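Shown next, in structure tokens, is the structure this report addresses.
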Amino acid sequence: MSDFTTLSLSDAVRGLRDKKFSSREITQAHLDAMEAARGLNAFLTETPEKALAMADASDAKLAKGEGGALEGAPIGIKDLFCVDGVKTCAGSKILGEFIPPYESTVTSNLWADGAVMLGKLNMDEFAMGSSNENSAFGNVISPWRRGNSDTDMVPGGSSGGSATAVSADLCLAATATDTGGSIRQPAAFTGTVGIKPTYGRCSRWGIVAFASSLDQAGPITKTVEDAALMLQSMSGYDAKDSTSLQRDVPDFVSACTRSLKGMRIGIPKEYRMDGMPEAIETLWEQGINWLREAGCEIVDVSLPHTKYALPAYYIVAPAEASSNLARYDGMRYGTRVEGHDLNSTYERTRAQGFGEEVRRRIMIGTYVLSAGFYDAYYIRAQKVRAKIAEDFTKAWQSCDALLTPTTPSAAFGIGEVSDDPVQMYLNDVFTVTANLAGLPGISVPAALDHQGLPLGLQVIGKALDEETCFAVGGALERAAEFTASDTDGPAHRPYRTD
Ligand code: GLN
């Protein structure tokens, strides 16, 4: 591992612009790090030739004093984003060797700004999961260890490949997606920063759909400033996605250092759960104190429908997934398992192509949408969703943003929770509300627990107010003195690569 891989994205971009090093040098350093860390299973597809060609093109631009905001910076792409000519399988076997003939809008934006593509990152199949154990291509291993134990830890999910790759310095930053917590939870588990923007901020065009009314793209990075830089590039209106918002993208980077004087931060009492580990309580208290010291006024707020958020999510998301995943029938994409007639071909293809968790979600989704149950489950869940959004609207009368823990616990070992789906679903208890209400939420690493595992704090903002998330996130990061780019800091422990 060379020093190039421990740079933050922002420092790398500055160094490239100042010609301190070339894109080819830092790209090659990351390709070497990826090769040495194949045991973590973070990348599903490595694209070294594409990476070096893009790096050379960036170096040519930089030599002329030209180039975009991310010119020459090597990044990883979650396997949910279609990249023209590069195998994209959403962590699933059903897509087989699918090679998209087009590019997602988010990745097009990143390439237009000069980013360099290192490869496609592992993930839970179709983004369903909280630990990356649902990938059809094997679980991702977190570079973190629990104390001195040799147990392999989960990186969180579904963007576990993105979180491991950033945390283990295999890329400067990564794209990710978040339907119920899949950017913020893996960021919290790996000591990295992750932001899910407002629904509609990033175009969903060319991102394999899970639950279309909840899915949003966002970055996982080493610092808050890096997240701002990435999101700035990823965001923007796109006529190809009818839910993308026709709004200007503000200057996210300058928001990171904005003063918090006089800002009101809400503490939702319903997020204080029974049985929550003491470390999470302590972390939250610490976060409250940091923000008070930064000049914020702390106010208690109530989000009374929080307890219904997870049940509502696990109706709405599977319902939409069952509809979105109906297209994988063996006729148009990827895998086909021949049967004795058309129906049996469909059945065999889907039974063999989808993994267990995806099949469970399709069955739940089909059930809650079926005649006779539609009103009782789906319509009811939609009403709950409206109530949850209303809770936030009321909270904004007394505060500007909310502070909560990102997850109810630190990372767990591989295999420790995987046979209990309901326990696994509880990982998202603090994150799903922002998806149901369409609000932005950032996770910032803030402490290590007694076993040396990272914990994250979440800041939820008003719709379209990512700037406040970045301002509060930046203040938390400065107070915690904890960033994944600080090689001497607590986030940089010796990690495993095999
Ligand atoms: N863990 C949640 C789920 O399995 C969220 C996933 C996501 O945000 N993509 O549905």
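Using the working numbering, you'd call the opening residue of the sequence shown number 621 and step up by one each time. Backbone N, C-alpha and C define an ideal beta-carbon position, used for all residues, glycine too. Since this is a predicted model, take the numbers as computed values, not measurements.
Reference ALA914, options LEU1096, SER642, THR1103, closest by Cα:
For the purposes of this step, residue 914 is identified with residue 294 of the sequence shown, where counting begins at 1. Checked all of LEU1096, SER642, THR1103; the closest Cα to ALA914 is LEU1096.
Quick check: what's the CA-CA separation for THR986 versus ARG1000?
For this step, residue 986 is matched to residue 366 along the sequence shown. For this step, residue 1000 is matched to residue 380 along the sequence shown. Cα-Cα distance, rounded: 16 Å.
State the CB to CB distance for the pair GLY826 and PHE718, rounded to an integer number of angstroms; the pair is presumed to be in contact (CB under 8 Å).
Within the sequence shown, the letter at position 206 stands for residue 826. Within the sequence shown, the letter at position 98 stands for residue 718. Not quite, the Cβ-Cβ distance comes to about 13 Å (not below 8 Å), so this is no contact.
When you compare each of ASP744, MET773, LYS842, ASP1039 to THR797 by their alpha carbons, which one comes out closest?
The count along the sequence shown starts at 1 and reaches residue 797 at position 177. Measuring from the Cα of THR797, the nearest candidate turns out to be ASP744.
6 Å CB neighbourhood of GLY635 in its chain, flanking five on each side removed
On the sequence shown, residue 635 is found 15 positions in, with the first residue counted as 1. Answer for GLY635: PHE641, listed in chain order.
For the ligand GLN, is there a heavy atom less than 7 Å away from the beta-carbon of SER833?
Walking along the sequence shown from the start, residue 833 turns up at place 213. Flag unset: Cβ of SER833 not near the ligand GLN.
My output table needs one value for ASP894: the three-state DSSP class, helix, strand or coil.
As a working mapping, residue 894 is identified with position 274 in the sequence shown. If DSSP states are grouped into helix, strand and coil, ASP894 belongs with coil.
Per DSSP, GLN836 forms a beta bridge with which residues?
Position 216 of the sequence shown, counting from 1, holds the residue named residue 836. DSSP output for GLN836 lists ASP798 as bridge partner(s).
Rounded C-alpha distance that separates VAL1064 from GLY1076:
Here the question's residue 1064 lines up with position 444 in the sequence shown. Here the question's residue 1076 lines up with position 456 in the sequence shown. About 5 Å.
Who are the near neighbours of MET893 in its chain, counting only those whose CB is closer than 8 Å to its CB and skipping five residues on each side?
If you number the sequence shown from 1, residue 893 lands on position 273. Counting only Cβ-Cβ distances below 8 Å, and skipping sequence neighbours, we find PRO1028, VAL1049.
What first and last residue would you give for the beta strand (DSSP E) that runs through VAL1064?
The residue labelled residue 1064 in the question sits at position 444 within the sequence shown. Start and end: 1061 to 1068.
Within the same chain, show all residues whose beta-carbon is closer than 8 Å to that of GLU917, passing over the 5 residues directly before and after it, in chain order.
Your numbering for residue 917 matches position 297 in the sequence shown. Contacts found: GLY882, MET883, ARG884, ILE885.
Starting from THR810, trace the alpha helix (DSSP H) both ways and give me its first and last residue.
Position 190 of the sequence shown, counted from the first residue, corresponds to residue 810. THR810 -> alpha helix (DSSP H) spans 804 to 810.
Determine, using beta carbons only, whether PHE746 and VAL978 come nearer to each other than 8 Å.
Counted from its first residue, the sequence shown places residue 746 at position 126. Counted from its first residue, the sequence shown places residue 978 at position 358. It is a contact, given that the beta carbons lie within the stated cut-off.
8 Å Cβ cutoff met for TRP764 and LEU1022
Numbered from 1 along the sequence shown, position 144 holds the residue referred to as residue 764. Numbered from 1 along the sequence shown, position 402 holds the residue referred to as residue 1022. No, Cβ-Cβ distance for TRP764 and LEU1022 is not below 8 Å.
May I have the straight-line CA-CA distance separating SER678 from GLU691, to the nearest angstrom?
Translated into the one-based positions of the sequence shown, residue 678 becomes position 58. Translated into the one-based positions of the sequence shown, residue 691 becomes position 71. One C-alpha to the other measures close to 6 Å.
Report the residue from TYR994, LEU962, TYR953 whose alpha carbon sits nearest the alpha carbon of ALA939.
The sequence position of residue 939 within the sequence shown is 319, counting from 1. Checking every option, the nearest Cα to that of ALA939 belongs to TYR994.
Report the three-state DSSP secondary structure of MET654 (helix, strand or coil).
What you label residue 654 is simply residue 34 of the sequence shown in a count that begins at 1. Three-state result, MET654: helix.
Counting Cβ pairs, one atom from each stretch, are 3 or more of them under 8 Å apart for the region 1038 to 1058 and the region 938 to 954?
no
Cβ shell of VAL1004 (< 6 Å), same chain only, five flanking positions each side left out
Along the sequence shown, one-based indexing puts residue 1004 at 384. Closer than 6 Å at Cβ, skipping near neighbours: TYR928, ALA932.
Can you tell me the Cβ-Cβ gap for LEU851 and ASN1055, rounded? I've got them flagged as a contact below 8 Å.
Position 231 of the sequence shown, counting from 1, holds the residue named residue 851. Position 435 of the sequence shown, counting from 1, holds the residue named residue 1055. Between ASN1055 and LEU851 the Cβ distance is about 17 Å, and since that is not below 8 Å, they are no contact.
So, for ALA941: in the same chain, excluding its five sequence neighbours on each side, which residues have a beta-carbon less than 6 Å away from its beta-carbon?
Sequence index remark: in the sequence shown, residue 941 carries index 321 (1-based). Cβ neighbours of ALA941 beyond the five flanking positions: PHE830, ALA831, ARG981, GLY985.
Could you tell me the alpha carbon to alpha carbon distance between PHE809 and GLY959, rounded to whole angstroms?
Your numbering for residue 809 matches position 189 in the sequence shown. Your numbering for residue 959 matches position 339 in the sequence shown. One C-alpha to the other measures close to 43 Å.
Segments assigned alpha helix (DSSP H), at least 4 residues, entirely inside the region 967 to 1016:
976 to 989, 1000 to 1015
Buried or exposed, going by whether 16 or more other CB atoms sit within 10 Å of the CB of MET951?
Sequence index remark: in the sequence shown, residue 951 carries index 331 (1-based). MET951 should be labelled exposed.
Is GLY776 closer than 8 Å to SER750 when the C-beta atoms are compared?
Position 130 of the sequence shown, counted from the start, is the residue given in the question as residue 750. Position 156 of the sequence shown, counted from the start, is the residue given in the question as residue 776. Taking C-beta atoms as the reference points, SER750 and GLY776 count as a pair closer than 8 Å.
Run the proximity test for GLY1061: is its beta-carbon closer than 7 Å to any non-hydrogen atom belonging to the ligand GLN?
Locating residue 1061 in the sequence shown gives position 441, counting from the first residue. Answer for GLY1061: no, Cβ out of range of the ligand GLN.
Neighbourhood of ALA972 by C-beta, 8 Å cutoff - its chain only, sequence neighbours within 5 removed
Here the question's residue 972 lines up with position 352 in the sequence shown. Before going on, a small fix: residue 972 reads as Gln here, not Ala. Apart from the 5 residues on each side of it in sequence, GLN972 sits with its Cβ closer than 8 Å to the Cβ of LYS713, THR955, VAL957 in its chain, given in chain order.
Would you report the Cα separation of MET737 and GLN1017, rounded to the nearest angstrom?
Reading the sequence shown from its first residue, position 117 is the one you call residue 737. Reading the sequence shown from its first residue, position 397 is the one you call residue 1017. Each residue's Cα considered, the two are about 43 Å apart.
Counting pairs of Cβ atoms below 8 Å between the region 729 to 736 and the region 672 to 689, do you hit three or more?
Enough Cβ pairs lie closer than 8 Å, so yes.
Boundaries of the beta strand (DSSP E) in which LYS595 is found, first to last residue
A question about residue 595 goes unanswered here, because the residues of the chain that appear run from 621 up to 1118.
DSSP puts GLU917 in a beta bridge; with which residues?
For the purposes of this step, residue 917 is taken as residue 297 along the sequence shown, with counting starting at 1. The partner list for GLU917 (beta bridge, DSSP) reads ARG884.
Taking only the alpha-carbon atoms, compute the straight-line gap between ILE1008 and ALA1083 and give it to the nearest angstrom.
Working through the sequence shown from its first residue, we reach residue 1008 at position 388. Working through the sequence shown from its first residue, we reach residue 1083 at position 463. Near 14 Å, if we compare the C-alpha coordinates of ALA1083 and ILE1008.
Go ahead and label SER769 buried or exposed: buried means 16 or more other beta carbons lie within 10 angstroms of its beta carbon, across all protein chains shown.
Position 149 of the sequence shown, counted from the first residue, corresponds to residue 769. By the neighbour-count rule (16 or more Cβ atoms within 10 Å), SER769 is not buried but exposed.
List the endpoints of the continuous beta strand (DSSP E) containing ALA1021.
Taking the first residue of the sequence shown as 1, we reach residue 1021 at position 401. Note, ALA1021: beta strand (DSSP E), 1021 to 1025.
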